[in-house]
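Worksheet: the structure to be examined is printed underneath.
See below:
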């Protein structure tokens with residue numbers, strides 16, 4: 007049955023949920039269209055289950071140092087199946103919680119896939135014998151998210167995407183991860199730490215090309231120190247499966263020479279993500295996209311169609327869950343509070359890479375700062391040390407590195423970059439200070455907490 011709403015949202019991921027609930031809380035009649043599980047990428051095949059697996063890998067690292075701290079705690083085995091079952095049950099509980107929260111906020115859930123028909127009309131297809139319902143709203147928000155990119159190569163059907171990582175029923179003995187970004191580094195680190203023989207194939211010369219120039223080589227060095235293989239300047243050519251053993255052979259070219267990795271159990275492709283903007287009626291509704299399919303928006307999340315907005319990964323902004331949530335909530339306040347000044351700030355965003363050890367970063371890289379303020383307009387402070395967590399540890403003890411990028415003459419902190427134990431938990435508070443315009447002198451005036459790693463950020467010289 008057709009129903010009129012004030013707000014219709016396509017996609018129940020982080021941004022769509024945030025917008026729909028906040029709009030309802032501001033008095034709007036809201037509905038959200040979703041054909042999959044509530045929560046989108048982050049909850050189902052992204053940050054949340056990934057963090058569970060990162061904690062699992064961290065447990066392995068902690069147990070490896072137990073003897074150095076006097077504990078007789080031999081590791082007799084590891085059950086991937088047990089962790090997967092617990093993780094999946096946890097995610098299922100979260101799906102239910104999201105449904106409960108929508109109900110509490112008064113948001114209707116329309117199961118199915120939405121398509122814009124123009125003039126504030128949305129068709130929802132449930133997949134049940136072609137059943138389609140029609141709904142209308144003066145405000146429509148596109149929050150359909152993104153999906154992993156799969157390359158057009160021979161044998162791609164033998165590989166899995168980052169989504170497929172969460173469907174693995176067992177820990178692969180030998181894994182090839184293709185990709186050098188956020189997702190590839192995180193998944194490779196998890197598998198490597200848990201005992202898989204991991205090799206990364208990287209098209210460029212190093213990992214994490216968008217990170218600060220001091221961070222990139224440190225992450226790469228730690229990965230190799232932890233036993234991970236790394237083949238740079240390698241182009242994936244194809245994947246073959248043996249008819250007798252079922253094992254995979256991964257073919258690549260490196261500097262005009264052919265190479266192959268054999269005896270592989272799993273190939274994970276983490277080469278990027280594309281927006282889910284295809285076949286949802288954007289062209290017919292007058293919503294413009296760029297050449298890659300990302301919806302074009304202005305600073306207020308408006309698309310080129312009146313009354314149609316976009317938030318999150320489909321809009322091609324900063325692809326992080328908290329950013330999508332912030333954009334959705336601020337859009338609701340701008341429209342329905344109303345507060346014309348309510349908009350998401352896409353600068354100075356803190357983020358964490360859950361590598362081993364983790365990376366925390368906020369603001370400009372050194373190169374970006376020098377491009378904006380000039381090489382003589384930037385001063386850099388840095389420090390490197392061994393975290394006290396490894397004081398009694400035997401074997402490899404990863405270094406912690408911290409760096410402040412300051413804009414002269416007042417030395418305003420415009421970039422903060424860290425790699426090391428607990429950097430993921432340290433970053434948030436310092437990001438607040440940076441957002442408030444803190445200078446190096448402000449950092450220096452803060453009394454250090456001792457002994458913790460974070461004290462190094464307020465004692466640098």
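Residue numbers (this note's numbering): 7 to 467.
Beta carbons: idealized from backbone N, C-alpha and C, even for Gly.
The structure presented is a predicted model; accordingly, all values stated were derived computationally and were not measured.
- For residue 145, the uninterrupted beta strand (DSSP E) segment begins and ends at 145–148.
- Contact check for residue 85 against residue 174 fails: the beta carbons are separated by 8 Å or more.
- With a 10 Å radius around the Cβ and a threshold of 16 neighbouring Cβ atoms, residue 434 comes out exposed.
- In the displayed model, residue 408 falls within a strand according to three-state DSSP.
- In its chain, beyond the 5 residues on either side, 454 and 455 have a beta carbon closer than 7 Å to the beta carbon of residue 461.
- Residue ranges of uninterrupted beta strand (DSSP E) with 3 or more members, entirely inside the segment 232–318 and ordered along the chain, are 235–237, 240–247, 254–260, 263–270, 272–275, 279–281 and 314–316.
- Residue 210 sits in coil when the DSSP states are folded into three classes, being neither helix nor strand.
- Here the alpha carbon of residue 125 sits roughly 13 Å from the alpha carbon of residue 10.
- Burial check for residue 307: the Cβ neighbour count within 10 Å reaches 16 or more, so the residue is buried.
- Excluding residues up to 5 positions away in sequence, 41 and 131 lie with their Cβ nearer than 6 Å to the Cβ of residue 119 in the same chain.
- Contact annotation: residue 276 and residue 189 have beta-carbon atoms nearer than 8 Å.
- Taking the CA atoms as reference points, residue 326 sits about 14 Å from residue 57.
- Put simply, the backbone Cα of residue 417 is about 6 Å away from that of residue 446.
- Between residue 440 and residue 419, the gap from beta carbon to beta carbon is short of 8 Å.
- Under the three-pair Cβ rule at 8 Å, the segment 370–389 counts as touching the segment 402–410.
- Distances from the CA of residue 59 to each of 360, 35, 399 and 405 were compared; the closest alpha carbon is that of 360.
- Under the three-state reduction of DSSP, residue 355 is assigned to coil, being neither helix nor strand.
- For the pair residue 259 and residue 145, the Cα-to-Cα distance works out to about 50 Å.
- In this structure residue 205 does not touch residue 244 by the C-beta definition: roughly 16 Å separates them, more than the 8 Å allowed.
- DSSP places residue 220 in the coil class of the three-state scheme, outside both helix and strand.
- Per the Cβ contact rule, the segment 337–349 is in contact with the segment 21–38 (3 or more Cβ pairs under 8 Å).
- Note on residue 228: 16 or more other CB atoms within 10 angstroms of its CB, so buried under the neighbour-count rule.
- Collapsing the DSSP output to three states places residue 44 in coil.
- With respect to the 8 Å criterion, residue 194 and residue 183 are classified as neighbours on the basis of their beta carbons.
- DSSP places residue 433 in the helix class (H, G or I) of the three-state scheme.
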